[in-house]
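Novice:
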Amino acid sequence: MKTNKTVVLRPKKHEPEEGRIAENMREILVELGEDPSREGLVRTPLRAEKALKFLTSGYDTDIAGIVNGALFTESSDGMVIVKDIEFFSLCEHHLLPFYGKVHVAYLPNGKVIGLSKIPRIVDAFARRLQLQERMTSQIAGSLQEILGARGVGVIAEAQHFCMMMRGVEKQHSGTVTSAMLGDFRTRKETRDEFLSLARNRDRF
Ligand SMILES: [Zn+2]
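Pasting the structure below:
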């Protein structure tokens with residue numbers, strides 16, 4: 033729809049919602065040879081600030097708050113596995129995304145956690161500036177601490193934009209990391225059971 037309304041290309045100086053990240057983002061646009069006042073970029077610093085804050089919101093996630101009320105006493109002791117939990121993170125070396133799936137398993141020791149809480153714990157560690165290796169072990173360590181489980185296993189499979197779009201420019205290589213605690217570390221049968229269930233591509 034055409035209107036004769038003038039398009040205002042500059043945001044009001046110091047738009048109240050804009051913070052320091054947006055201010056600096058405008059400088060970055062200039063350094064990149066861009067004109068931050070052109071139509072498509074006017075609100076980009078603000079959008080980028082909001083996106084970055086969301087993508088790093090895991091620093092402020094209250095994990096105890098997530099878990100609160102979702103721990104249940106349970107005598108069954110079979111392995112619990114939550115597979116194919118999607119995650120999106122930012123590599124701390126290039127500030128580029130890496131994303132993929134996490135598989136989480138634990139052996140209860142009298143307590144189980146509401147299943148929907150596990151993806152939220154994954155997000156709490158994914159939404160930070162991360163290394164895949166550290167994210168994997170943080171998820172495992174956090175669950176072990178919450179559950180007092182006989183063991184926790186976490187596998188992360190990811191693709192890294194810093195490898196796909198730059199550097200070696202390999203689009204199809206994936207990175208797999210794992211963290212095995214308790215029985216998952218010491219008992220081969222436990223680890224093998226987890227690995228075969230995690231590898232099984234069929235729904236079960
Ligand atoms: Zn990177």
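Numbering-wise (my numbering), the sequence shown opens with residue 33 and increments by one. Backbone N, C-alpha and C fix where the C-beta goes; we use that ideal spot for every residue, glycine too.
1) Under 8 Å by Cβ, that's how I've got Pro140 and Val112 pegged, so tell me the actual separation to the nearest angstrom.
2) Within the continuous beta strand (DSSP E) that includes Glu189, where are the two ends?
3) Residues around ligand 1, please: the condition is that the C-beta lies closer than 5 Å to some non-hydrogen atom of it.
4) Just to confirm, are Ile117 and Ala156 a CB contact at a threshold of 7 Å?
5) Excluding five sequence neighbours on each side, which residues of the same chain lie with their C-beta closer than 8 Å to the C-beta of Met196?
6) Apart from the five residues on each side of it in sequence, which residues of its chain come closer than 7 Å, Cβ to Cβ, to Met167?
7) Starting from the N-terminal side, write out each stretch of the alpha helix (DSSP H) that is 4 residues or longer and does not extend beyond the stretch 79-121.
8) The beta strand (DSSP E) that contains Leu175, what's its start and end?
9) Anyone know if the C-beta pair for Ala102 and Ile145 falls short of 7 Å?
10) Assign Val62 to one of two classes, buried (16 or more other C-beta atoms within 10 Å of its C-beta) or exposed (fewer than that).
11) State whether the stretch 170-180 contacts the stretch 209-222, with contact taken as three or more CB pairs (one from each stretch) at a distance under 8 Å.
Specialist: If we stick to the structure as given:
1) 6 Å
2) 183-192
3) Cys123, His125, His126, Cys194
4) no
5) Lys202, Gln203
6) Ser121, Phe157, Ala158, Ala188
7) 95-99
8) Careful: Leu175 lies outside any beta strand (DSSP E), inside the alpha helix (DSSP H) at 164-179.
9) It is a contact, given that the beta carbons lie within the stated cut-off.
10) The residue in question, Val62, is exposed, as its Cβ has fewer than 16 Cβ neighbours within 10 Å.
11) yes
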